[in-house]
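One structure below.
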Amino acid sequence: MIKKLLVLTMLFGFCACNVWAVDIFSSWVGDDGGLWDQASNWNPGIVPDNSGGNNFYVTISPAGSNSIRFTQDRTVSRITCYGEVDLEIGERTLSLLDPNGLINHGIFEATGSGVEHEINGNILNTEGAIIEVSYWFQHQGKFVNNGQLMVIPGGNASIEDGNLINNGTVWLYDGTASADGLENSDSGIISGFGSLYGGQVIQNAGSIRAFGGPLTIAYDLSLNNSGSLVNEPGTALQIGPVGSPEDVNDINNHGTIEVNAGGSVVFDADVVNEPDGFIELNGGTFGARTITQSAGAEFEGLGTITGDVVIEPNSVVGPVSIIRLTGPTNVFGNVTIGAGATFEVSDGTTIITGHTTCNNGTIHMIGGRVICQGGLTDNNCEIIWEPGIDSNAADYNLDGRVNLEDYAQFARTWLWEASWR
């Protein structure tokens, strides 16, 4: 009999506990500017908060735009938003417990008075949806963006203790975004001007573009690029570590670095252009501490290069190590040409202000010129000059005319080239 009573007591206690663990699905029925903390704004008429032991799953689907004000911290399992929703969290904290704590299908914003607007929990911004950040928005958890994340002037999207996984578009309009880690997928676009901090590691398989002004990208340890890093004409893309460049990994380029006219792409780090990488110089400035060109990688164009350039030796079989400059270019740094590697210049003059070292490599001029302003160390270097496809062999200074100036230029170059030997 006593055993039966104990069993019944345990069962009663178990059932009683489960009575309190109720899933409640709440819908917002209040007006624009209404209080979260007012029961009449909800259906059913209970203020959503898990602190009482229930699990609240909240849906906010206003007919028009709707702001909801908070007067205290709140914890719920999940919030699903449709339409235009502004959670005026202010100095309060909203905590979300579900794996997808906030699911946004509409236009979402967190505002209100106070320095920070804090949301704890994971956020999913679905395809076609928009999250706008116009204040300091502090988020602890994973942020998956399949739609648009817009950070406007004065906005700061701070994602702590979680990664920003971008499959959609992140727009920076003179805003700031930061995360403990950044994964920009092959469908992801990060575009605009402002600043972006990606935590320990930035993985970019999509597109990061400076547009409308300067864009600064910072990280702690490394950036791996298999997508594209681009400056739109007239803009600057600055990428580098938060700490000392000596304490971080090289930037490995397996994708595209596109440098456009009137602007720059500059790394405060060493850049290795891997065999599947492509650096396209379209009249802008490309800079790094050291630029290493691997066999099989592509590097071509014209403009300005700042930093030391190393063209790795060629293997006996396999892809070649080559840099092709197709127009007037200034190289502010040293150039090292490895065995079997080629430094090719066509249709213009390339000036190397640093020292040039050619170790059993080739300097190939096709209707172009190379001026080693900082001197040349010739270790069995093959130096080839030939007229360009569209140039007259006698037009030695490439001005489109054949006259005495060409003979003078030829004499100066011949004497200069002879001094290499």
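Numbering (our numbering), first residue to last: 125 to 545.
Ideal Cβ positions, reconstructed from N, Cα and C, are used throughout, including at glycine.
With DSSP run on the structure shown, which of helix, strand or coil describes residue i?
i      : result
Pro360 : Per the sequence presented here, residue 360 reads as Ala, with Pro not at that position. Three-state result, Ala360: strand.
Glu398 : coil
Ser175 : helix
Glu208 : strand
Ala329 : coil
Pro365 : strand
Ala301 : strand
Leu129 : Annotation note: pLDDT 43 at Leu129 (below 50); position unreliable, coordinate value reported separately. Helix.
Glu370 : helix
Asn376 : strand
Asn167 : strand
Pro547 : Nothing in the structure corresponds to residue 547, since the chain is present only between 125 and 545.
Trp509 : strand
Glu404 : strand
Glu215 : coil
Val459 : strand
Gly337 : strand
How would you call residue i, buried or exposed, if buried means at least 16 neighbouring beta carbons within 10 angstroms?
i      : result
Asn355 : buried
Ala253 : buried
Thr460 : buried
Asn569 : Absent from the structure is residue 569, since the part of the chain shown begins at 125 and ends at 545.
Thr195 : exposed
Trp169 : One detail in the question is off: residue 169 reads as Gly in this sequence, not Trp. With fewer than 16 Cβ atoms within 10 Å of its Cβ, Gly169 is classed as exposed.
Gly499 : exposed
Val294 : buried
Asp432 : buried
Gln497 : exposed
Gly157 : exposed
Pro399 : exposed
Ala145 : exposed
Ala393 : buried
Asp147 : exposed
Glu550 : No statement about residue 550 is possible, as the shown extent of the chain runs from 125 to 545 and does not include it.
Glu436 : buried
Asp371 : exposed
With DSSP as the reference, identify every bridge partner of residue i, one or two as the case may be.
i      : result
Ile148 : Phe180
Glu284 : Gln264
Trp73  : Outside the shown range of the chain (125 to 545) lies residue 73, about which nothing can therefore be said.
Phe194 : Note: Phe194 sits in no beta bridge, so no partner.
Phe467 : Ile447 and Ile487
Val200 : Leu220
Tyr321 : Ser302 and Ala342
His241 : Phe261
Asp432 : Thr414
Could you check which residue in the options has the C-alpha nearest to that of residue i?
i      : options                           : result
Phe423 : Arg413, Val395 and Arg193         : Val395
Gly407 : Glu436, Thr486 and Pro452         : Pro452
Gly420 : Glu251, Leu347, Gly464 and Gly337 : Gly464
Thr217 : Glu242, Leu288 and Gly207         : Glu242
Val494 : Trp509, Gly157 and Gly485         : Trp509
Pro172 : Lys266, Thr199 and Thr481         : Thr199
Gly278 : Ala301, Ile213, Ile289 and Val268 : Ala301
Ile585 : Asn458, Thr409 and Ser319         : In the structure as shown, the chain starts at 125 and stops at 545, and residue 585 therefore has no counterpart that could be examined.
Pro338 : Gln324, Asn348, Leu353 and Ser319 : Ser319
Gln324 : Gly305, Ser331 and Ser309         : Gly305
Leu449 : Asn483, Ile475, Asn484 and Asp298 : Ile475
Ala187 : Ser151, Thr501 and Gly214         : Ser151
Gly177 : Asn165, Gly157, Ala163 and Ser201 : Ser201
Gly286 : Asn246, Asn179 and Ile276         : Asn246
Tyr181 : Arg193, Glu215 and Asn224         : Asn224
Cys505 : Asn483, Gly265 and Asp471         : Asn483
Gly214 : Thr204, Tyr206, Leu220 and Asp197 : Asp197
Ser315 : Trp166, Ala342 and Leu361         : Leu361
Please report the Cβ distance between residue i and residue j, rounded to the nearest whole angstrom; I am assuming they are in contact, meaning their Cβ atoms lie under 8 Å.
i      : j      : result
Gly358 : Ala329 : With 8 Å as the limit, Gly358 and Ala329 do not qualify as a contact, their Cβ atoms being about 26 Å apart.
Asn269 : Asn291 : 7 Å
Glu208 : Asn190 : 7 Å
Val389 : Leu353 : 6 Å
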